[in-house]
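Protein chains in written order, with my numbering: chain A, 1 to 191; chain B, 1001 to 1191; chain C, 2001 to 2191; chain D, 3001 to 3191. Ideal placement from N, C-alpha and C gives every residue a C-beta, glycine not left out. These figures come from a predicted structure and were not determined experimentally.
4 protein chains.
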Amino acid sequence: MHKGRLEAFSDGVIAIIITIMVLEMKVPHGTDFASLQPLLPVFLSYVLSFVYVGIYWNNHHHLFQAVKHVKGAVLWANLHLLFWLSLFPFVTGWMGENHFAPLTVALYGGVLIMAAVAYTILVRSLLACHEADSALAKAIGPDTKGWVSLGIYALGIPLACWFPWVSVGLYSCVAVLWLVPDRRIEKVLVA
Amino acid sequence: MHKGRLEAFSDGVIAIIITIMVLEMKVPHGTDFASLQPLLPVFLSYVLSFVYVGIYWNNHHHLFQAVKHVKGAVLWANLHLLFWLSLFPFVTGWMGENHFAPLTVALYGGVLIMAAVAYTILVRSLLACHEADSALAKAIGPDTKGWVSLGIYALGIPLACWFPWVSVGLYSCVAVLWLVPDRRIEKVLVA
Amino acid sequence: MHKGRLEAFSDGVIAIIITIMVLEMKVPHGTDFASLQPLLPVFLSYVLSFVYVGIYWNNHHHLFQAVKHVKGAVLWANLHLLFWLSLFPFVTGWMGENHFAPLTVALYGGVLIMAAVAYTILVRSLLACHEADSALAKAIGPDTKGWVSLGIYALGIPLACWFPWVSVGLYSCVAVLWLVPDRRIEKVLVA
Amino acid sequence: MHKGRLEAFSDGVIAIIITIMVLEMKVPHGTDFASLQPLLPVFLSYVLSFVYVGIYWNNHHHLFQAVKHVKGAVLWANLHLLFWLSLFPFVTGWMGENHFAPLTVALYGGVLIMAAVAYTILVRSLLACHEADSALAKAIGPDTKGWVSLGIYALGIPLACWFPWVSVGLYSCVAVLWLVPDRRIEKVLVA
């Protein structure tokens, strides 16, 4: 099976997710600075989620460049990832509109960790239909960054109940960690 | 005629349908677990519909891999399928927000059955412009799974008036039945 | 210049237009037939617009199959068409929610006629960068169907002020007229 | 790395932005001309933004035709541009619904200038991974039009506090300036 339509469909879904999140920023009725102020936390949570969805698109893009072929299981692993990404607009809106209240930050982290798990499953399902010495297998390697991210999320979610801003800080650190696209794959593809 | 743009357009429409369904999950005003609770049925109906739309995308993907060329009638059969799929966000929201009330479950089943009929029409219109011994014709075969699904829907819709949860269970069974992508086509393409 | 990205962008915009129209069908609060009844005119106007946008996509698809190359002017003629198509969700919602009131039907016709004019301009801009004996020029021919449609719209708009349902009937006739995709182009491409 | 998916993803995001802006034009409850009248400023701001987003798509299209390959930094420069474009629906709605009030026009200009800066950064990041005598480098040249636009925005934003309509006029002038697609790139590609 070709990977073209899987890429096109994923691009479409991710493009829509990253764009409809902005609809949570409701146009205010006033026309002064004061009427914009309540939107600041909504805007901040939008920026964080935009960066996260951007990271997933970038990594998805890098990952599939090393992919040769896909199977039925990969299609579902990919849809599973898209499912968790599709919850970003909801948790982003809830967190932003409630000024980063504890439970909202914890749920946001819950979606982050599920998306990360789904991405890991997608990678495993791809490895399962490539040989052990394929470019993809070499490119993934031990996946340290992935495990570190999962660890930080697992720390941030319970912390959110007492120190939500610390959790937001931790989530942002993971984002910065991933802002650099996956060099491993670029290196292996060039070599 | 090439099938490329038909695939791209279908991918776009299905990507939007699967994503805007999440907009029915309105961000709650409270910040505790109690405020999330009324969203549970909305979330459940979202999950069911996400899986269904995912199945249609997967099967569409598999189907068109065996397709060699398309005609004008195929374009309209495809748009007819997309029309019924486009009603998913509406019936999903209605069913979820009303906690799976009888009529909402029956209408949901009505859209399911119409989408299944539309898919069957699409398959017939494709067979009509391929030879009887084409890879597509071999891949479709007697289409038992399709007929079983139609039968279960036809059973679930009247049942919903008395036992809506039984109908939801039946719809979910059909979804599980289809979660495995259409092996027939994979087999024939490989052979 | 290649036509690929113009096709992809148009597919994306048309896919979104055809799908977000369904958002005008607001999920009702009741769970009986009576609560669905006020949605009937909204549903009818949705069906009409779905068919119209589907026709535009089909014709766009057929048209660009005969196109060899595009220029800057074509990009803008295409965006101009997409602009008028983007007003479909608004006029569809207004007409449906107000049960086909005179002015709403007239405005709907106004958008129909502007979209038809924009399509004609797009065809002219394409002819301008192809030779007089190109497949495209042969395929377009005298464009009788286009002129008839414009005439019917021009009749339907003023009529809507007194007999809105007659106008809706006229608009539907034009839709039926176009349901058959543009055979001219298929014929010329095959020949 | 190939540029295909970057183009496809950008097309998707821009297609959604240009289309969801129309959702800010809320369907009015009345059915006479008077009920349409309050929508006029919303419609005008929609037209202006449609033209602007159309210009960005056109220029993006032209720019990437001259691009041979992309790197990780280009992906992020492109997402940065899409971020500012994604704020168009919000500022368009705010400006239109408040009849071009001073602060709303200034903020609209702020998003315009940030999008222009982001586009400039994208161009620089592309030049950084092409040689000094590449078709792209020749096509960009001194980029006078880009600098003039930035200057006019910088003038229009403070002016908006006293004469919002003058600022809207200035923004419109920049749009007209860019309506002609980037001839530089077409010329170099042909030569």
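By the DSSP assignment, the alpha helix (DSSP H) with residue 3065 of chain D in it spans what residues? For this step, residue 3065 of chain D is matched to residue 65 along the fourth sequence. Looking at the DSSP string, the run of the alpha helix (DSSP H) that includes residue 3065 of chain D is 3040-3065.
*Spell out a yes or no on whether the segment 81-90 of chain A and the segment 135-148 of chain A are touching, meaning 3 or more CB-CB pairs, one atom from each, closer than 8 Å.*
no
Could you work out which residue in D:3007, D:3176, D:3168, D:3174 is closest to residue 3064 of chain D when comparing CA atoms only?
Along the fourth sequence, read from residue 1 onward, the residue named residue 3064 of chain D stands at position 64. Of the listed residues, the one whose Cα sits closest to residue 3064 of chain D is D:3007.
Under a CB-based cut-off of 8 Å, is residue 1078 of chain B close to chain A? To locate residue 1078 of chain B, count along the second sequence from 1; it is residue 78. For residue 1078 of chain B, the answer is no, since every Cβ of chain A falls outside 8 Å of its Cβ.
Using a cut-off of 7 Å between C-beta atoms, extract the partners of residue 165 of chain A located in chain B.
The sequence position of residue 165 of chain A within the first sequence is 165, counting from 1. None at all; the shortest Cβ gap to chain B is about 15 Å.
Practice problem: With 8 Å as the limit, tell me which residues of the segment 76-106 of chain A have their beta carbon closer than that to any beta carbon of chain B; keep them in chain order. | Solution: 76, 79, 82, 83, 86, 87, 89, 90, 93, 94, 97, 98, 101, 102, 103, 104
Short of 6 Å in beta carbon distance, which residues of its chain neighbour residue 2099 of chain C, apart from the five on each side in sequence? Order them along the chain. The sequence position of residue 2099 of chain C within the third sequence is 99, counting from 1. Excluding sequence neighbours, residue 2099 of chain C sits near 2041.
Problem - Every unbroken alpha helix (DSSP H) within the segment 63-99 of chain A, with a cutoff of 4 residues, ordered by chain - result: The qualifying runs are 72-86, 88-97.
Collapsed DSSP secondary structure at residue 2142 of chain C in the structure displayed: By 1-based counting over the third sequence, the position of residue 2142 of chain C is 142. Of the three classes helix, strand and coil, the one that applies to residue 2142 of chain C here is coil, per DSSP.
| field | Run of the alpha helix (DSSP H) containing residue 1011 of chain B, from where it starts to where it stops | value | In the second sequence, residue 1011 of chain B corresponds to position 11, counting from 1. Looking at the DSSP string, the run of the alpha helix (DSSP H) that includes residue 1011 of chain B is 1004-1020.
**Prompt:** Expressed to the nearest angstrom, what Euclidean distance is found between the alpha-carbon atoms of residue 92 of chain A and residue 2178 of chain C?
**Reply:** By one-based count along the first sequence, residue 92 of chain A stands at place 92. By one-based count along the third sequence, residue 2178 of chain C stands at place 178. So the two alpha carbons sit approximately 44 Å from each other.
CA nearest to the CA of residue 1113 of chain B, picked from B:1128, B:1147, B:1133, B:1102
Translated into the one-based positions of the second sequence, residue 1113 of chain B becomes position 113. Considering only alpha carbons, the answer is B:1147.
Member of A:122, A:17, A:126, A:76 whose CA lies at the smallest distance from the CA of residue 3086 of chain D: Within the fourth sequence, numbered from 1, the residue matching residue 3086 of chain D stands at position 86. If we check each option's Cα against that of residue 3086 of chain D, A:17 comes out closest.
Q. Straight-line CA distance for residue 3175 of chain D to residue 3130 of chain D?
A. One-based indexing of the fourth sequence puts residue 3175 of chain D at position 175. One-based indexing of the fourth sequence puts residue 3130 of chain D at position 130. In a straight line, the C-alpha of residue 3175 of chain D is about 29 Å away from that of residue 3130 of chain D.
message: Could you tell me the alpha carbon to alpha carbon distance between residue 3159 of chain D and residue 3142 of chain D, rounded to whole angstroms?
response: Here residue 3159 of chain D refers to the residue found at position 159 of the fourth sequence. Here residue 3142 of chain D refers to the residue found at position 142 of the fourth sequence. Roughly 28 Å between the two C-alpha positions.
Review point. Which word fits residue 1124 of chain B, buried or exposed, when buried means at least 16 other C-beta atoms lie within 10 angstroms of its C-beta?
Key: Residue 1124 of chain B sits at position 124 when you count from the first residue of the second sequence. Flag for residue 1124 of chain B reads exposed.
| message | Can you look up residue 1031 of chain B in the DSSP assignment and give me helix, strand or coil? | response | Start at 1 with the first residue of the second sequence, and residue 1031 of chain B comes out as number 31. Coil.
Run down chain A in chain order and give the residues with a C-beta less than 9 Å from the C-beta of residue 3008 of chain D.
-> Here the question's residue 3008 of chain D lines up with position 8 in the fourth sequence. Per Cβ cutoff of 9 Å: 7, 8, 11, 12, 15.
If contacts are defined as beta-carbon pairs under 8 Å, then residue 2152 of chain C and residue 2106 of chain C qualify, I think. What distance do you get, rounded to the angstrom? Taking the first residue of the third sequence as 1, we reach residue 2152 of chain C at position 152. Taking the first residue of the third sequence as 1, we reach residue 2106 of chain C at position 106. So it is not a contact: roughly 14 Å between Cβ atoms.
For the segment 2046-2076 of chain C, enumerate the residues whose C-beta is nearer than 7 Å to any C-beta of chain B, in chain order.
-> 2050, 2054, 2057, 2058, 2061, 2065
Checklist line | Alpha-carbon spacing of residue 88 of chain A relative to residue 108 of chain A, whole angstroms | finding: Here residue 88 of chain A refers to the residue found at position 88 of the first sequence. Here residue 108 of chain A refers to the residue found at position 108 of the first sequence. So the alpha carbons of these two residues sit roughly 8 Å apart.
request  = Taking C-beta pairs closer than 9 Å, name the residues in chain D that residue 2121 of chain C reaches, listed in chain order.
outcome  = Translated into positions along the third sequence, residue 2121 of chain C becomes position 121. Under the 9 Å cutoff, chain D gives no residues; its nearest Cβ is about 15 Å from residue 2121 of chain C.
| Thinking C-beta only, is residue 2078 of chain C closer than 8 Å to residue 2149 of chain C? | Locating residue 2149 of chain C in the third sequence gives position 149, counting from the first residue. Locating residue 2078 of chain C in the third sequence gives position 78, counting from the first residue. Going by C-beta atoms, residue 2149 of chain C is not nearer than 8 Å to residue 2078 of chain C.
Under 9 Å from the C-beta of residue 1020 of chain B: neighbouring residues of chain C:
As a first step, residue 1020 of chain B is located in the second sequence; it is residue number 20 there, counting from the start. The contact set of residue 1020 of chain B on chain C, defined by CB atoms closer than 9 Å, consists of 2019, 2020, 2022, 2023 in chain order.
Hey, residue 12 of chain A and residue 1012 of chain B: beta-carbon distance below 8 Å or not? The residue labelled residue 12 of chain A in the question sits at position 12 within the first sequence. The residue labelled residue 1012 of chain B in the question sits at position 12 within the second sequence. Contact: yes.
**Asked** Is it buried or exposed for residue 1169 of chain B, if we count other Cβ within 10 angstroms and need 16 for buried?
**Response** The residue you call residue 1169 of chain B lines up with position 169 of the second sequence. Here residue 1169 of chain B is exposed. Its C-beta has fewer than 16 other C-beta atoms within 10 Å.
Practice task
Might you give, ordered along the chain, the residues of its own chain that have their beta carbon closer than 7 Å to the beta carbon of residue 3060 of chain D, omitting 5 neighbours on each side?
Solution key: Here the question's residue 3060 of chain D lines up with position 60 in the fourth sequence. Result list for residue 3060 of chain D: 3010, in chain order.
Inset, instruction - Output yes or no for whether 8 Å exceeds the beta carbon distance between residue 3003 of chain D and residue 3067 of chain D. - result: In the fourth sequence, counting from the first residue as 1, residue 3003 of chain D sits at position 3. In the fourth sequence, counting from the first residue as 1, residue 3067 of chain D sits at position 67. Contact: yes.
| task | Measure how close the beta-carbons of residue 3048 of chain D and residue 3171 of chain D come, nearest whole angstrom, since I'm counting them as under 8 Å. | result | Here the question's residue 3048 of chain D lines up with position 48 in the fourth sequence. Here the question's residue 3171 of chain D lines up with position 171 in the fourth sequence. Correct: roughly 7 Å between the Cβ atoms.
Which residues in the same chain have their Cβ closer than 6 Å to the Cβ of residue 3028 of chain D, if we skip the five residues on either side of it in sequence? Locating residue 3028 of chain D in the fourth sequence gives position 28, where the first residue counts as 1. Counting only Cβ-Cβ distances below 6 Å, and skipping sequence neighbours, we find 3035.
Pick from C:2062, C:2161, C:2069: whose alpha carbon is nearest that of residue 2126 of chain C?
The count along the third sequence starts at 1 and reaches residue 2126 of chain C at position 126. Here the closest residue by C-alpha is C:2069.
Best match in A:97, A:62, A:103 for proximity to residue 162 of chain A [C-alpha to C-alpha]:
Here residue 162 of chain A is taken as the residue at index 162 of the first sequence, counted from 1. Measuring C-alpha to C-alpha distances from residue 162 of chain A to each of A:97, A:62, A:103 identifies A:103 as the nearest.
Chain-ordered chain A contacts of residue 1028 of chain B [CB-CB under 8 Å]:
Your numbering for residue 1028 of chain B matches position 28 in the second sequence. Neighbours of residue 1028 of chain B on chain A, chain order: 94.
**Message:** Between residue 1115 of chain B and residue 1056 of chain B, how many whole angstroms is the CB-CB distance? I'm expecting something under 8 Å.
**Reply:** The count along the second sequence starts at 1 and reaches residue 1115 of chain B at position 115. The count along the second sequence starts at 1 and reaches residue 1056 of chain B at position 56. So it is a contact: roughly 7 Å between Cβ atoms.
Looking at the secondary structure, which residues open and close the alpha helix (DSSP H) in which residue 3167 of chain D lies?
As a working note, residue 3167 of chain D is residue 167 in the fourth sequence. Unbroken alpha helix (DSSP H) run through residue 3167 of chain D: 3164-3179.
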